[in-house]
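First up is the structure itself, then whatever we jot down about it.
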Amino acid sequence: MTPTRVAFSALLGKDLRTELRTLQSLPAMALFAVTTFVIFRFGLDRTALSGSLAAGVLWVTLLFAAILGINRLFVAEREEGGFDAVRLAPIDRTAVFAAKAAALLVYLVALELITVPIFAIFFLDSAAALPPLALALLLADLGLAATGTLISSMAVNSRARDLLTPLVLLPLAVPLSIATTGAIEPLLGVGGPTYERFGTWLAVLGLYDLIFLLVGYAVFDFLLED
Amino acid sequence: MTEAIELRGLRREYGERAALAGVDLSLRRGESLLVLGPNGAGKTTLLRVLATLLRPSGGKASVLGAALPGEAWKVRGRIGLLGHDALLYRDLSGRENLRFHARLHGIGGDDAEARIDELLGAAGMARRADDRVAELSAGMRQRIAVCRCVLHEPELLLLDEPDSNLDAEGRELAQGLIGPAPGRSRVLVSHDPERFRAESDQVLRLGIGEAAGAAAA
């Protein structure tokens, strides 16, 4: 059996190299998010957002942008049957789940590095909220990466992949969305960031991450079967 | 000598349709089996079951001493599959694909590089090894796929129309890599009954929805 860390680094390296070469996911995700911010700016006719509205606009935009990347996460595996060769390798299938989730996490973090500063320029009065915001988003990304990897692996063989992913993912992301917006809402208040129940929501996010990472660990092997 | 493959009444169904309706065979290590049959007879399904990519619906199957599907993990890494698809990533070069599969099979460092260079040379692909697979012709992709198939020196080769897309030179070079070798068992699927008969020890004729058993070639 090939050591799991070797398999993990091979799979993750392959995904990142392919994305750097083809730029199939990240540019589309970033462009979608920035365009959505522009639409919100003119649609709401507001130059500043705060509280729950700011949290909602930011998180929903990032979530929908993430779906673009989640949809494409296993496409390279489906084309030319590349995944069959991976399934034939003497590796722990958990390494495949971990590598795919890690690749998605990298995409989400990169997406936020590009788009959150743009969101701040468009809608926030100061950048004081950004450091704690980054922590909350990182925890949210981890949960979204775990859930998205599971859903994407199920949807990839379906012709209705583009429809199936959001239909299955979004209900599963409701608890994640509640916790994320709950955590970031006080950070984006009018008078600057406050930390009301911030720790509680981070704990909820951590629990969501843990549950879906464990679910992925437990069921991913079965999802790869015929 | 232990059996490389042992099948007793192997069945595989897709919903109501039986792709394999009871296959019996016993192939010893080092032997080659030629699988013949019309389109839709289940040849590719049989290979995918043997490769552990599909679960049998019934019957008994043992590959390299491991009972399927329960002990499938024991044979992964000991099988080389050359299927209809090249099983390569289009946006990586041939060399990068082979490097990736070498790592998945636990071959790393200088050993991997030496093995990859050796295979690419033997397949006549050294000059185009750094081109993206998407830029290669179908025949060149097949040559890289042959390299991928034997990269980890598998004990059992499952070859589905291995000549597909290959020109005369490609067939000859591929034969050097996937031809008969001591201790290596092979299952060959072909539409041409004569193409691999001389190098086969047994022949299995599959019919659509019929039980089948192997016979001496």
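Respectively, the protein sequence lines represent chains A and B.
Heads up, the first sequence is in our numbering, so the first residue is 1 and it goes up one at a time.
Heads up, the second sequence is in our numbering, so the first residue is 1001 and it goes up one at a time.
Glycine residues also receive a C-beta, built at the ideal position from the N, C-alpha and C atoms.
Output needed in chain order: residues of the stretch 73 to 103 of chain A with a Cβ under 7 Å from some Cβ in chain B. A76, E79, E80, G81, G82, D84, A85, V86, R87, L88, A89, P90 and I91
In chain order, what residues of the same chain lie with their CB nearer than 7 Å to the CB of B:G1209, ignoring the 5 residues before and after it? A1018 and A1021
Check the Cβ-Cβ distances between A:T47 and every residue of chain B, and say whether any is below 9 Å. no
Check the Cβ-Cβ distances between A:A7 and every residue of chain B, and say whether any is below 9 Å. yes
Closer than 9 Å at the beta carbon, the chain A residues around B:L1010: Those do not exist, as B:L1010 stays about 15 Å from chain A at its closest Cβ, beyond 9 Å.
Quick check on the DSSP output: the alpha helix (DSSP H) that includes A:D141 runs from which residue to which? L130 to A155
Along chain A, in chain order, which residues have C-beta atoms closer than 8 Å to that of B:G1209? Within 8 Å Cβ-Cβ: nothing; B:G1209 doesn't reach chain A, min ~20 Å.
Output needed in chain order: residues of the stretch 1075 to 1106 of chain B with a Cβ under 7 Å from some Cβ in chain A. R1076, G1077, I1079, L1081, G1083, D1085, A1086, L1087, L1088, Y1089, R1090, D1091, L1092, F1100, H1101, R1103, L1104, H1105 and G1106
Three-state secondary structure (DSSP) at A:R5? helix
Among the candidates B:S1057, B:S1032, B:P1038 and B:T1002, whose CA atom is the shortest distance from the CA of B:G1009? B:S1057
Does the beta carbon of B:A1061 come closer than 9 Å to any beta carbon on chain A? no
May I have the straight-line CA-CA distance separating B:D1117 from B:A1126, to the nearest angstrom? 7 Å
Among the candidates A:E185, A:Q24 and A:T61, whose CA atom is the shortest distance from the CA of A:L230? Outside the shown range of chain A, which is 1 to 226, sits residue 230 of chain A, and nothing can be said about it.
Is the stretch 191 to 210 of chain A close to the stretch 132 to 139 of chain A, with three or more CB pairs under 8 Å? yes
Would you list, in chain order, the members of the stretch 1042 to 1053 of chain B that have their beta-carbon closer than 7 Å to a beta-carbon of chain A? A1051 and L1053
Could you please tell me which residues of the stretch 1140 to 1161 of chain B, in chain order, have their CB closer than 7 Å to any CB of chain A? R1148
Below 8 Å on C-beta distance, what does A:T18 contact in chain B? Y1089, D1091 and L1092
Throw me the rounded Cβ distance for the B:R1076 and A:L88 pair, which I believe falls under 8 Å. 6 Å
What three-state label does DSSP hand B:V1091 in the structure shown? This sequence places Asp at residue 1091 of chain B; Val is not what is there. Here B:D1091 sits in coil by DSSP.
Candidates B:A1168, B:A1061 and B:G1042, of which the one nearest B:S1026 by Cα: B:A1061
Just to confirm, are A:F119 and A:R46 a CB contact at a threshold of 9 Å? no
Between A:P3 and chain B, is the shortest Cβ-Cβ distance under 9 Å, so that the two count as touching? yes
Restricting to runs no shorter than 3 residues, where is the beta strand (DSSP E) found entirely within the stretch 1005 to 1048 of chain B? 1017 to 1028 and 1032 to 1036
Let me make sure I understand the geometry here. Which of B:G1094, B:G1139 and B:P1180 has the alpha-carbon closest to that of B:L1119? B:G1094
Compute the beta-carbon to beta-carbon distance between A:A98 and A:P193, rounded to the nearest angstrom, for a pair I have assumed lies under 8 Å. Wrong, their Cβ atoms sit about 33 Å apart, outside the cutoff.
Given 8 Å as the limit, is there contact between the stretch 1187 to 1196 of chain B and the stretch 1166 to 1176 of chain B, that is, 3 or more CB pairs closer than that? no
Look at the alpha carbon of A:A65 and the alpha carbon of A:D84, and state the distance between them as a whole number of angstroms. 29 Å
Counting contacts by CB-CB distance shorter than 9 Å, is B:G1108 in contact with chain A? yes
Candidates B:E1006, B:R1029 and B:E1013, of which the one nearest B:P1182 by Cα: B:R1029
Beta-carbon of B:R1017 versus every beta-carbon of chain D: anything under 9 Å? Although the question refers to chain D, the structure presented lacks it and instead comprises the protein chains A and B.
Beta-carbon within less than 7 Å of A:L23's beta-carbon, same chain only, minus the 5 sequence neighbours each way: which residues are those? none
Name, in chain order, the residues that DSSP records as bridge partners for B:L1204. B:V1035 and B:A1214
Please tell me whether A:G43 and A:G189 are closer than 9 Å, where the distance is taken between their beta carbons. no
Rounded C-alpha distance that separates B:A1051 from A:T149: 25 Å
For a cutoff of 9 Å on Cβ pairs, would you count A:R159 as touching chain B? no
Count the C-beta pairs between the stretch 200 to 210 of chain A and the stretch 67 to 81 of chain A that are closer than 8 Å, then say yes if the count reaches three, no if not. no
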